[in-house]
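Here's the structure we're looking at; comments come further down.
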Amino acid sequence: METPEQETEARRGWMGLLARAPAERLAALMEGAAVPRFDWLRVPETGGVMVRGRMGGTGAPFNMGEMTVTRCALRLGSGEVGHAHVQGRDRSHAERAALVDALMQGPRADEMQAQVLTPLAAEEAARRDARAAKAAATKVDFFTMVRGE
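At position 81 of the sequence shown (counting the first as 1) the number is 1422 in the numbering used here, and the numbers step up by one without a gap.
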């Protein structure tokens, strides 16, 4: 049995993965899934959020600028509630992310994990590795040569 802190951390992980996932890839992975009946708690709506940063990750916070975000919330017929916040204006991306969030809290969690989250996590890791390899290829090692010997 997971503790509430572990459940919260797991949910934070899959919600972040769904928010970062390419919308078209999430749609393709959910194409064959049976979508249960749900009611909107908050229909998909687009707005702006202020993005904050810190110099070096530890300095004083400052406002970097605004970012467009779409959010929604829904309740499945079985009672599970799903939320989503995704970057941009794609309402269907937010709806699918909220639907997966709700399904991950019920009896279909293993199915959603295998069908949607595991492939998305693997693809995200591959993209991250490719970006790191590309950056590593440009690394320059500086060293000091001893003169006169």
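C-beta: ideal position from N, C-alpha, C; glycine also. Only a predicted model underlies this, so the values are computations on that prediction, with no experimental measurement involved.
- Under the three-state reduction of DSSP, glutamate 1386 is assigned to strand.
- The residues Glu1465, in chain order, have a CB closer than 7 Å to that of arginine 1361 in the same chain once the five nearest residues on each side in sequence are set aside.
- If you compare the alpha carbons of Leu1358, His1424 and Glu1346 with that of alanine 1463, the shortest gap goes to Leu1358.
- Judged by their CB atoms, alanine 1439 and valine 1427 are not nearer to each other than the 7 Å cut-off.
- Rounded to the nearest whole angstrom, the CA to CA distance from valine 1441 to methionine 1453 is 7 Å.
- Assignment of methionine 1356 by DSSP, reduced to helix, strand and coil, places it in the helix class.
- Its chain contains Met1408 and Val1410 as the residues whose beta carbon lies nearer than 6 Å to that of valine 1390, once the 5 sequence neighbours on both sides are disregarded; these appear in chain order.
- The beta carbons of tryptophan 1355 and leucine 1458 sit about 6 Å from each other, so the pair counts as a contact at 8 Å.
- Distance from the CA of glutamate 1421 to the CA of glutamate 1386, rounded to the nearest whole angstrom, comes to 21 Å.
- Spanning the alpha carbons of glycine 1394 and proline 1402 requires a straight line of approximately 5 Å.
- Following the DSSP letters along the chain, one finds arginine 1416 inside the beta strand (DSSP E) bounded by residues 1402-1417.
- For glycine 1398, the secondary structure class from DSSP, reduced to helix, strand or coil, is helix.
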